[in-house]
Structures are given as C-alpha cells and as structure tokens.
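Novice:
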Amino acid sequence: MALSDLNPVERNDEGIAAVLGILKQRLGERFQTGQAIRSQHAHTTTYIPTQAPDGVAFPETTAEVQEIVRACATYRVPVIAFGVGSSLEGHTNAPGGGISVDTSRMNRILAVNPQDLDCTVEPGVTREDLNRHLRDTGLFFPIDPGANASLGGMAATRASGTNAVRYGTMRENVLSLTAVMADGETVTTGKRAKKSSAGYDLTRLLVGSEGTLGIITSLTLKLQGIPQAISGGVCPFPSVEAACNTVIATIQMGIPVARIELVNALQMRAMKNYSKLDYPESPCLFVEFHGSDAGVAEQAETFGMIAEENGGGPFLWTSVAEERTKLWKARHDAYWSSLTLRPGAKGLSTDVCVPISRFAECVTETEADISKMGLIAPIVGHAGDGNFHVLVLMDVNDPKEIALSEKFVARLNMRAIAMDGTCTGEHGIGQGKIGFLRHELGHGVDIMRTIKQALDPLDIMNPGKILPSVGH
Ligand SMILES: Cc1cc2nc3c(=O)[nH]c(=O)nc-3n(C[C@H](O)[C@H](O)[C@H](O)COP(=O)(O)OP(=O)(O)OC[C@H]3O[C@@H](n4cnc5c(N)ncnc54)[C@H](O)[C@@H]3O)c2cc1C
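Going by full-length UniProt numbering, the letters in the sequence shown line up with residues 1 to 472, in that order.
Given below as structure tokens:
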C-alpha cells in the first residue's frame, strides 16, 4: 500500500488559490511560490516521494504566524511548519498541497538565564547556533541530532542524539513553549520552573506532535553546565554481540556514561574512508564520559574493564579536545559517510529502540536479516538508549529493491515492537511509519485521533501525518 493511502488528504484548489492571493499581498517577497523553493520545502532526505506545498511563507513574528494560520483556517488549507527539513519520514510533505511555514527568519535568542540554566529561543534557531551563542557562558544545550536541525523542528519530532543517554531527549529538555494553534490562538504551556503539576502537560503534548497540533513560535529550554573534564575514545570488539553486551553491562552497572554509540563493521569501513579515522574495521563503541578529572578517568577505566571481560579492547581514550572532536564529527557524519558505500544510492534510515536488556538480541537478529536479504545496510546507534539506525542503501529506480527494503524495515519495526520497544526512538512517524502506530499503541491511536479532532477540527495542521485514517 502506498504511504499516501494510509492517510489521504484531499486537495482544496479553490481555498488554496484564495490563500495564495492573501499571503502574497500580506507578506510580499516573504511569500514564495516558485517550483524550486516549493520542492525544497517538501521531503527531500530519503526515497519517500516529494509532495511540494503550493507556497512558502517566511514569517518573522508570532503575530504573522497567527495571520497565516487564520487565513488557512478560513479557507481550509493545510499549514505545514518547516524548520530546516532534515526530518526523515516525509514529515514536511504536503500531500494535499497547502502552505509551508518556514521558521528560519524566527531565529532570535530571546533570553539566556545562566543562574537558572535555561534559555528562551525562537523556533528557527538551530542547535549549533544556540551552542555558538552559549560558548562564553559555560553552558551548553546537549541534544544533538546528526543534522544541524532547528529547535522548533527538534521539539516537534521529540528529537534526541548521542547525548540523550545522559541528558535525555527533547521531552526532558523543553520546559515550556508557545504555539499558534489551529484556530490562530496562541498558547503558552508553562513557566520556567523546573517542574510543575499544573494540570494536563501541554508541553509534552506539543513536543513530538510533528506540527499536527500547532506551530511552535518560542521554546524555553534547559541548559547544562559544560563539564569540568571530558574523556572519550573508541573500543573495538570481535563481534556486534560483544559490543552490545558491553553496552548493556555499562548501563546496568549505572556508569554515568555521557555517550555510548555502536558502529558496526560496515559503518566503520565507511567512516574510516570518509572521515579518515584510524581504527580497526570491526564493530566499535564510541564512548564519552563527563565529570571531574578523577571521575572521568575512573569511569573510563571501569568501562575498559567491562569491555575486556566481553572480549573487546584495547579501549584507547583521551581527554584531548581536538581528538574527541574528530571522533564525534565522524559519528555525526555517519549518514553521509555510509552513502559512499554505494554511490548513487539513497538511504532509508530506521530508528527502532528497545529496552536495554533486549538490545544485543535486536541488533544481532537485524544484522542476520540484512545478510539474509542481501542488503547493503550499515548500522550505527545510540546504544545506551537501546536505539539504533540501519541505513538501507537502495537504488530508488528499482521498484523491486524498494519493495525489499520496505519489507526489511517492516520486519525490523515489528521485531522491536515485539521486544516491547518502539518503531521510532527519535525520528517520529511522519508518513513513513504511519502503518506501525497501531501495532505499537493499539487503542492509543484512537485517543490521539480524538485529541487531534478536538484541537484541529478542520484538519489543517500538517494533515496526513502521524495518524492513520479511520479504518487503519
Ligand atoms: C544526517 C541526519 C542525521 C540525523 N540524526 C538524527 C539523530 O541523531 N536524532 C534525531 O532525533 N534525529 C536525527 N535526524 C532527523 C532530524 O534531524 C530530526 O528529526 C530533526 O529534529 C528535524 O528538525 P528540522 O528542523 O529539520 O525539522 P523539519 O524537518 O523541518 O520538520 C520536522 C517536523 O517538525 C515540524 N515542525 C518544524 N518546525 C516546527 C515548529 N516550529 N512548530 C511545529 N512543528 C514544527 C514539521 O512540520 C515536521 O513535521 C537526522 C537527520 C539527518 C538528515
């Protein structure tokens, strides 16, 4: 079944024409309808077909976002929020056309409160922009998806990254936010207090809602102090299973590891060539510890011993910033390096996540499946969270290969769900994973649909995403 059949969106040509006229007049050059810019604002990162919006608006204020949403509500036209477009599941596609709301001009850092370890930003600020801004404060924002994503997009997808094992995901790091809802009204979901028991948790309802409930126009985020000392390194293993068992033991022993990433042998080959890393072409763990000088040394020693007990090593670690930066740059570039394993191919990135005790089993079964199905598909993962990515490299002009890859992904998603895990640890549902939501959450899908209908009765906020249509 085609992705669009799981939640089809009807096109409203008359309404779209009316809104195009209104927004052109209201925003002038900040409203674009050229083919190239419309395509850039649809899904471009994977093989999922591009479905372009009819126009792209570049608002600068919350009031302008309200105006856009109100015009779209009046004429029942879809509104699709857009950060930098790095999402991987067709999130920014416009299956029924409509207006893309690009937040890149809403890129002000509104406040940094070092005493409280928090800041308030507009949604178009990217994670790297924020960390550059914070550099002299001794603080940093830890959530680090591989792309330099916008903080609005990261909140909307409940993103995470290599640091999540220590600092949590966007779910734990957004204190409150302001959003324009489907009727054009704004809501601010909380204050700056670190915790609150004040009623329903609207912050967490909007975090992960993928633009289907409202458009985030500002976010208050938790910040962390830059640790006094950081140590890290790479540890090779004779097998993926040995590497995974080391991760499980490290987490179960409560070692406060800041990053622990699995890289399988094929991915290591890609990284060695692309990022010029000098490590063996075998499964490896990339590890980092944060704390005091003595603390990070002790953690590194203990981790080295666990690795050795599992047949791994030597664990070569360093506190030298440049060496660590090279390693983590290579890790963040893993997606791009893996594409070099099959020039011309497109990638399909999965992101299942399982309870840590099932991690080794899930990864080894998946590696066996890759080999049985004859796919080229390296593995890299946020192992400490039980989360890993398989990047299936495929020829998108070959329908048989697409079908085979989709079959593999379906088996992987169902394997993770059967292990009490999830089909998506961090990328979200978008269009690509709609078919797995009911398998994972059952009746929860109907509750979600009730919430969606209550808050967006005209179904204008990013329609065709997350929820399957009735009957699926
Ligand atoms: C190389 C690479 C590596 C990646 N690694 C990771 C990783 O390690 N961890 C991870 O979690 N993800 C990862 N991703 C996926 C992606 O970076 C994240 O999903 C990211 O959070 C998307 O942010 P964005 O600004 O690109 O959002 P977009 O792609 O522009 O939008 C994503 C979704 O959020 C909605 N949205 C955007 N802005 C707003 C807003 N202001 N209000 C409401 N809704 C909004 C959109 O409508 C859409 O549904 C990776 C992607 C790539 C290409």
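Cβ atoms here follow ideal geometry from the backbone N, Cα and C, with glycine treated the same way.
Can you tell which of 33, 202 and 195 has its C-alpha closest to the C-alpha of residue 188?
Specialist: 202
Novice: Which same chain residues, not among the five before or five after residue 478, have their C-beta less than 6 Å away from its C-beta?
Specialist: Past the edges of the chain, shown from 1 to 472, lies residue 478, and the structure says nothing about it.
Novice: At which residue ranges does the segment 66 to 150 contain complete alpha helix (DSSP H) runs of 4 or more residues, listed in the order of the chain?
Specialist: 127 to 134
Novice: Would residue 435 and residue 6 qualify as a contact pair, given that the criterion is a beta-carbon distance under 7 Å?
Specialist: yes
Novice: Please check the pair residue 214 and residue 180, which I expect to be a contact at CB under 8 Å, by giving their CB distance rounded to whole angstroms.
Specialist: 6 Å
Novice: Could you work out which residue in 419, 301, 307 and 93 is closest to residue 38 when comparing CA atoms only?
Specialist: 93
Novice: Could you tell me if residue 150 is buried or exposed, where buried requires 16 or more neighbouring beta carbons within 10 angstroms of its beta carbon?
Specialist: Buried, because 16 or more other Cβ atoms sit within 10 Å of the Cβ of residue 150.
Novice: Return the bridge partner residues of residue 288 from the DSSP annotation.
Specialist: 232 and 259
Novice: Nearer than 6 Å: is that true of the beta carbon of residue 457 relative to any heavy atom of ligand 1?
Specialist: no
Novice: According to the neighbour-count rule (16 or more other Cβ atoms, all chains shown, within 10 Å of its Cβ), is residue 264 buried or exposed?
Specialist: buried
Novice: Any heavy atom of ligand 1 closer than 6 Å to the beta-carbon of residue 130?
Specialist: Residue 130 has its Cβ no nearer than 6 Å to any heavy atom of ligand 1.
Novice: Can you check which of these residues, 331, 96, 155 and 197, is closest to residue 177 by C-alpha distance?
Specialist: 155
Novice: Consider the C-beta atom of residue 103 and the heavy atoms of ligand 1; say whether any pair is separated by less than 6 Å.
Specialist: yes
Novice: Ligand 1 and residue 160: does any heavy atom of the ligand fall closer than 6 Å to the residue's C-beta?
Specialist: yes
Novice: I'd like the ranges of any alpha helix (DSSP H) spanning at least 4 consecutive residues and lying wholly in the segment 293 to 366.
Specialist: 293 to 309, 321 to 332 and 334 to 339
Novice: Looking at the secondary structure, which residues open and close the beta strand (DSSP E) in which residue 376 lies?
Specialist: Taken as a continuous stretch (DSSP letters only), residue 376 belongs to no beta strand (DSSP E), as it is neither H nor E.
Novice: What are the boundary residues of the beta strand (DSSP E) that residue 170 is part of?
Specialist: It is not in any beta strand (DSSP E) - residue 170 instead sits in the alpha helix (DSSP H) that spans 170 to 173.
Novice: Suppose the cutoff is 7 Å on Cβ atoms and the five residues either side in sequence are ignored; what does the same chain contact list for residue 118 look like?
Specialist: 175, 192, 220, 221, 222 and 223
Novice: Among residues of its own chain, excluding the 5 on either side of residue 307, which ones have a beta-carbon nearer than 8 Å to its beta-carbon?
Specialist: 235, 237, 246, 285, 313 and 315
Novice: Rounded to whole angstroms, how far is the Cβ of residue 58 from the Cβ of residue 129, which I believe are closer than 8 Å?
Specialist: Here residue 58 is actually not in contact with residue 129; their C-beta atoms are around 17 Å apart, not less than 8 Å.
Novice: Suppose you measure from the CA of residue 445 to the CA of residue 300; what does that come to, to the nearest Å?
Specialist: 43 Å
Novice: Using C-beta distances below 8 Å, list every residue in its chain close to residue 295, excluding the 5 sequence neighbours before and after it, in chain order.
Specialist: 229 and 289
Novice: Are there any heavy atoms of ligand 1 lying less than 6 Å away from the beta-carbon of residue 107, as far as the coordinates show?
Specialist: no
Novice: Can you give the Cα-Cα distance for residue 217 and residue 63, rounded to whole angstroms?
Specialist: Across the structure, residue 217 and residue 63 are spaced so that their CA atoms are roughly 10 Å apart.
Novice: For residue 495, name the three-state secondary structure that DSSP assigns.
Specialist: Within the shown structure, residues of the chain are numbered from 1 to 472, placing residue 495 beyond reach of any answer.
Novice: Kindly examine ligand 1 and report whether one of its heavy atoms sits closer than 6 Å to the Cβ of residue 43.
Specialist: no
Novice: So is the beta-carbon of residue 184 under 6 Å away from any non-hydrogen atom of ligand 1?
Specialist: In terms of side-chain proximity, the C-beta atom of residue 184 is found no nearer than 6 Å to any non-hydrogen atom of ligand 1.
Novice: What do you get for residue 280, buried or exposed, if any count of 16 or more other CB atoms within 10 angstroms of its CB means buried?
Specialist: exposed
Novice: Secondary structure at residue 253, three-state DSSP: helix, strand or coil?
Specialist: coil
Novice: Given that a residue counts as buried once 16 or more other Cβ atoms are within 10 Å of its Cβ, and exposed if not, what is residue 325?
Specialist: The residue is exposed, with fewer than 16 neighbouring Cβ atoms inside 10 Å.
Novice: Any idea if residue 343 is buried or exposed, counting beta-carbon neighbours within 10 angstroms, 16 or more meaning buried?
Specialist: exposed
Novice: Closest by CA to residue 161, which one among 415, 68 and 262?
Specialist: Minimum Cα distance to residue 161 is reached at 262.
Novice: Spell out the partners DSSP gives residue 22 in its beta bridges.
Specialist: In DSSP, residue 22 forms no bridge with anything.
Novice: Who are the near neighbours of residue 145 in its chain, counting only those whose CB is closer than 8 Å to its CB and skipping five residues on each side?
Specialist: 86, 127, 154, 159, 160, 161 and 426
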